[in-house]
Amino acid sequence: MIKCLVITILLSIYGGVARAEDDQRFLLLGLLAAADYHQSCEMFYKREGIIEINPILGEKPGRRDMALFGLVSLALVWLLDKEINDPLRTVLMDSIIASESMNVQENSFILNSSYHRKLDAIPIMITFRWD
């Protein structure tokens, strides 16, 4: 929990100096990833009968594996964000943020009730923006 708070504080400080919309999107994704990691630790280590649905991680991933997977995923997204041009870059980032947000919401339902997963797969959302 303390690590999650430290990450959130550091990202918030970075967010205070982040001016570009791209930096703000990446900050939001980082905060959602930190929330997802914290929720996953709560679900897998404090509740029975909950399994991970990501086949890369396996049903009961370790904290280190989840943290490493999250950091590698964020690094790949950051690299893609720097290499892909608009409008595809905006669609990609908004879609990844929407997917992670949906995952955090699903985790929240599981943690706050006797609710079990509605989804048997990892949700991926595609978003579009008209300016």
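The sequence shown lines up with residues 1 to 131 when you count with my numbering. Glycine included, C-beta positions come from ideal geometry on N, C-alpha and C. Small disclaimer: the values here were computed from a predicted structure and weren't measured.
| Check | Outcome |
| --- | --- |
| Residues near A67 in its chain [Cβ-Cβ closer than 7 angstroms; skip 5 each side] | Y37 |
| A34 classed as buried or exposed, judged by whether at least 16 other C-beta atoms fall within 10 angstroms | buried |
| As assigned by DSSP and simplified to three states, the class of L57 | coil |
| Residue range of the unbroken alpha helix (DSSP H) whose run includes I51 | Per DSSP, I51 belongs to no alpha helix (DSSP H) and is neither H nor E. |
| I51 and E42 closer than 8 angstroms at C-beta | no |
| Reference L111, options I96, S99 and Y45, closest by Cα | Y45 |
| Limits of the alpha helix (DSSP H) - the one that D86 falls within | No alpha helix (DSSP H) contains D86, which DSSP labels as neither H nor E. |
| 8 angstroms Cβ cutoff met for L29 and I97 | yes |
| Cβ pair F69, I56 closer than 8 angstroms | yes |
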